[in-house]
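Asker: To start, I am sharing the structure in question, which I have written as structure tokens.
Residue numbers (this note's numbering): 98 to 276.
Shown next, in the form of structure tokens:
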């Protein structure tokens, strides 16, 4: 095996993907929300999310490229050919593709839209003289923006959870290869 084998890079990529997703979802994001004032929290997340979602999209691709093949010369090939092998359709391809698609959805669509709505809310706050998260009543414009933000935030959270679940499912498959 050694340095030129794809196996160590595969395991490292998996560990980074799972670790970063669990940490950001259940530790870093929650602590940041509790500690930082909302404007600073929003600014921090607006900078972190593009990098985080790019990482979540890039690592499943790295996992597909470094998929270690069978040691049996007649077994499943390594790399993308092994991922696409019909015997790996549900145990390798489906979870890696799901993780990738969820992350790409957040990276190119939902994340940028959420950031735009956050900026629109900041502008509306200046017009209204009231924060989006202050107690009601809010202007009609702010109510629309708050509903839109909540919807986008929920979709983004579900996509992030989809990446996490797909990563764990793939981890079960990966761990079965260790025995």
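Every residue gets a Cβ at the ideal spot worked out from N, C-alpha and C, and that includes glycine.
Closer than 6 Å by C-beta to residue 143: which residues in its own chain qualify, once you throw out the five before and the five after it? Chain order, please.
Answerer: 212
Asker: In terms of residues, what are the limits of the alpha helix (DSSP H) holding residue 164?
Answerer: Run containing residue 164: none; DSSP gives neither H nor E here.
Asker: Thinking C-alpha only, which one of 200, 162, 112 is nearest residue 258?
Answerer: 200
Asker: In terms of residue numbering, what span does the alpha helix (DSSP H) encompassing residue 106 cover?
Answerer: 103-120
Asker: Taking three-plus beta-carbon pairs below 8 Å as touching, is the region 169-185 in contact with the region 126-142?
Answerer: no
Asker: Rounded to the nearest angstrom, what separates residue 113 and residue 236 at their Cα positions?
Answerer: 44 Å
Asker: So, with DSSP's three-state summary, where would you put residue 144?
Answerer: helix
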